[in-house]
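Chains E, F and L are the protein sequences, given in the same order. Start counting the first sequence at 806; every next residue gets the next number (this note's numbering). Start counting the second sequence at 806; every next residue gets the next number (this note's numbering). Start counting the third sequence at 806; every next residue gets the next number (this note's numbering).
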Amino acid sequence: MTSQLFSHDVQHTLDIAGIFVFALSGGLLAVRKNLDIFGIAMLAEATGLGGGVLRDLIIGAVPPAAFTDIGYFITPLAAAVVVFFLHPEVERINWTVQSLDALGLGLFAVTGTAKAHDYGLGAVASVALGVATAVGGGVIRDVLANEVPSLLRWDREIYAVPALAAAILVAVLIAAHALGPVTGTGAALVAFALRMLALRYGWR
Amino acid sequence: MTSQLFSHDVQHTLDIAGIFVFALSGGLLAVRKNLDIFGIAMLAEATGLGGGVLRDLIIGAVPPAAFTDIGYFITPLAAAVVVFFLHPEVERINWTVQSLDALGLGLFAVTGTAKAHDYGLGAVASVALGVATAVGGGVIRDVLANEVPSLLRWDREIYAVPALAAAILVAVLIAAHALGPVTGTGAALVAFALRMLALRYGWR
Amino acid sequence: MTSQLFSHDVQHTLDIAGIFVFALSGGLLAVRKNLDIFGIAMLAEATGLGGGVLRDLIIGAVPPAAFTDIGYFITPLAAAVVVFFLHPEVERINWTVQSLDALGLGLFAVTGTAKAHDYGLGAVASVALGVATAVGGGVIRDVLANEVPSLLRWDREIYAVPALAAAILVAVLIAAHALGPVTGTGAALVAFALRMLALRYGWR
């Protein structure tokens, strides 16, 4: 069972952390688009939970985890409150947010790929779904805000490639029966490091 | 069984009424965007049925009711024909459309929350899904028309809050084993009244 | 079993061909929007596979075929490479692309309607799903590229009507127990011919 990749408690904590930072990015975009607190909350929910809901619909894990665990639902609301009261400060710590977002990207790529495998998908499909989980929330965020998804744009640093690297690593680890807490975390850190290097050196 | 909230015939009639008024709003936006009769019909379908299809996908009720009941499919087409031939008149009776839309909002919030509960979702998840059912069609309408969803915008009267109020009321009624035709209709009317007051007094 | 409409090998080949030409149209739009190779690949994937994934989610065929057959996943990538290296040439052979797209439209309308029927949907629902399969990828393409779907616009030649004609024909053939490889291909060719005539004579 690759679902044993992380203990349930560890995985849940990592999931919540990833949802929180993605929701922050949704809330900040809502502020830039002059949306009010409600718009901030809705965009935070859609960004934080979108990728996971998409993944669960595709693998047939309904109702999605986002709807059966109250923590998943409340986390983006907490992020929205943070953005609403602290958004000048949050923007100032942009580097922190970018770092957390990079970590969330890696974690979602790893857990998305592993969950897809658990549901019987093949290696390539699991990788595709891992990437979709990691980047899906951001695409939904940009579509709702009426912007071309930054994922697609050439003038933004690479975003999906780090997720793809982590997802492929996980698929290889599964095939080698070597996926565990340490190697899984390692794969997430590879994505994290690639993304941070891309931001630092402007890889596009 | 909360699905017995309304008798099947009553619920079906209310559903069709809600779909019809939401489809009118989709058709009218299509007219404003200079779309032709076909574009009007497509946007009416997407707006009228979008929220319910989203709800059914998430709770795993596939194929969605919109695809198994021919009345659901034909209703938006009827709304599209009405818009096509009568849109100056329909715009003039804007107040009527707004009222019907507010009624649809309340009804969808109530039936969406109850259906989610029937499929085993918890209280918070049922409320979230009730709101998603009520506002989902409008979000899909605005995304397809390439506009920022009015749901998210600060310069529009509150829309999701009335739906949220009705959905929470339904969850409380379910917990108290007090959900029935009268109390359910009451919850829908609360949403209706809140929305009408918001429009009247410009609550934003 | 209408799934025997075409032998598995024939249907698979036709599916891949349809995905390829739809993916080409996604890739070309990405070029026009100044997206890079990664954006081209993502938009090609979304356009080529979007209609079929939507259909499979709605009928409950999860995980969707696009995620269980590696050929489905790789085909849009091949189209993206073609667009990236050859896009001036591909644009020049616009007529060829339009023809292939028209063929894909017909094939997807036919196979989408037949698959929906296999999953127990009624005639009208099957027709609706056939049309959604045929046009869904293009709508997703345009939404991601931040444009009003050309499907909805009055200033484009008719697109959904040919798909609708083919889907209705398939539903009639199913009802008459007359759906087979020859009649099914005939229905696809009807859509193809209608679309080509619309382009030739500017039907809108």
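Here a beta-carbon is modelled for each residue, glycine too, at the ideal position from N, C-alpha and C. In this text the structure is predicted, and so the values were computed from the model without any measurement.
Taking each of L:GLN816, L:LEU840, L:GLU850 in turn and checking the Cα distance to GLY941 of chain L, the smallest one comes out for L:GLU850.
Taking GLY844 of chain L as the centre and dropping the five residues before and after it, the same chain places the C-beta of ALA835 closer than 7 Å to its C-beta, in chain order. CA-to-CA, the gap between ILE963 of chain E and LEU1002 of chain E works out to about 10 Å.
Note on geometry: alpha-carbon atoms of ALA928 of chain E and ALA928 of chain F lie some 37 Å from one another. At a cut-off of 7 Å between C-beta atoms, LEU840 of chain F counts as an interface residue with respect to chain L. For ALA1003 of chain L, no CB of chain F lies under 7 Å from its own CB, so it is not counted at the interface with that chain. In this structure, the straight-line span from the alpha carbon of ALA980 of chain L to that of ALA919 of chain L is close to 11 Å.
Taking each of F:SER955, F:ARG958, F:PHE997 in turn and checking the Cα distance to ALA972 of chain F, the smallest one comes out for F:PHE997. Pairwise C-beta distances place the segment 851–866 of chain E in contact with the segment 940–957 of chain E, as three or more of them are shorter than 8 Å. Taking CB atoms only, LEU882 of chain L has no neighbour in chain E less than 7 Å away. Within chain F, no residue has its beta carbon less than 7 Å from that of ARG837 of chain L; the closest one is some 16 Å off. Residue range 813–837 is occupied by the alpha helix (DSSP H) that includes ASP820 of chain F. Residue environment analysis places GLY925 of chain F among the exposed positions, since fewer than 16 neighbouring C-beta atoms fall within 10 angstroms of its C-beta.
For ILE864 of chain F, the enclosing alpha helix (DSSP H) starts and ends at 842–864. Taking the beta carbon of GLY865 of chain L as reference, the chain F residues within 7 Å of it are VAL867, PRO868, listed in sequence order. For ALA968 of chain L, the enclosing alpha helix (DSSP H) stretches over residues 965–980. For VAL858 of chain F, the closest of F:GLY917, F:ALA885, F:VAL888 by C-alpha to C-alpha distance is F:GLY917. Rounded to the nearest whole angstrom, the C-alpha separation of VAL995 of chain L and GLY935 of chain L is 15 Å. Neighbours of VAL948 of chain F in chain L, taken as residues at a C-beta separation under 8 Å, are given in chain order as VAL948. Against chain F, the beta carbon of PHE878 of chain E has neighbours under 8 Å at VAL929, ALA930, ALA933, listed in chain order. The C-beta distance from VAL887 of chain E to LEU829 of chain E rounds to 7 Å, short enough to fall under 8 Å. Spanning the alpha carbons of ILE821 of chain L and TRP900 of chain E requires a straight line of approximately 44 Å.
A residue is called buried once 16 or more other Cβ atoms fall within 10 Å of its Cβ, and TYR1006 of chain L, having fewer, is exposed. For THR873 of chain E, the closest C-alpha among the options F:PRO869, F:ILE863, F:ILE875, F:PHE878 is that of F:ILE863. Flagged as an interface residue toward chain F: VAL953 of chain L, by a C-beta distance shorter than 7 Å. The three-state secondary structure of LEU984 of chain L, taken from DSSP, is coil.
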